[in-house]
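First residue of the sequence shown? That's 1 in the UniProt record's numbering, and the numbers climb one at a time after it.
Structure first, commentary second.
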Amino acid sequence: MMKTQVAIIGSGPSGLLLGQLLQRAGIDNVIVERKNPDYILSRIRAGVLEQGMIDLLREAGVSERMDAEGLIHDGFELAFDGRCERI
1 MMKTQVAIIG SGPSGLLLGQ LLQRAGIDNV IVERKNPDYI LSRIRAGVLE
51 QGMIDLLREA GVSERMDAEG LIHDGFELAF DGRCERI
């Protein structure tokens, strides 16, 4: 029987990052995911990341693919009821 300190359900961006941060802190963990690794690694799982999350990914040492393939954005336009605002 496998024993671990922490079980993480789902290997989305949050689950994978939590697993990495726990591992770096010396805390044993396992990530449980129903999809296979090829499926997970071939999909974009987060469309937009805010600066705080980008900083955390870099701190965790997992930003290589994001830095190589990610597109930088400097805001977006929100349109509603005939008005358009840049955020």
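Each residue gets a CB set at the ideal place from its N, CA and C atoms; glycine is no exception.
{"Item": "Can you look up L78 in the DSSP assignment and give me helix, strand or coil?", "Value": "strand"}
{"Item": "In terms of residue numbering, what span does the alpha helix (DSSP H) encompassing A68 cover?", "Value": "E64 to E69"}
{"Item": "Should I8 go down as buried or exposed, given a rule of 16 or more other Cβ atoms within 10 Å for buried?", "Value": "buried"}
{"Item": "With burial defined as no fewer than 16 other Cβ atoms inside 10 Å of the residue's Cβ, what is the status of I44: buried or exposed?", "Value": "exposed"}
{"Item": "Report yes or no: do three or more beta-carbon pairs, one from the segment 7-21 and one from the segment 58-65, lie closer than 8 Å?", "Value": "yes"}
{"Item": "Just to confirm, are residue 139 and Q5 a CB contact at a threshold of 8 Å?", "Value": "Since the displayed the chain opens at 1 and closes at 87, residue 139 lies outside it and no answer follows."}
{"Item": "So, are the CB atoms of G52 and E33 less than 8 Å apart?", "Value": "no"}
{"Item": "Per DSSP, N29 is paired with what?", "Value": "V6"}
{"Item": "Mapping DSSP to helix, strand and coil, what is R58?", "Value": "helix"}
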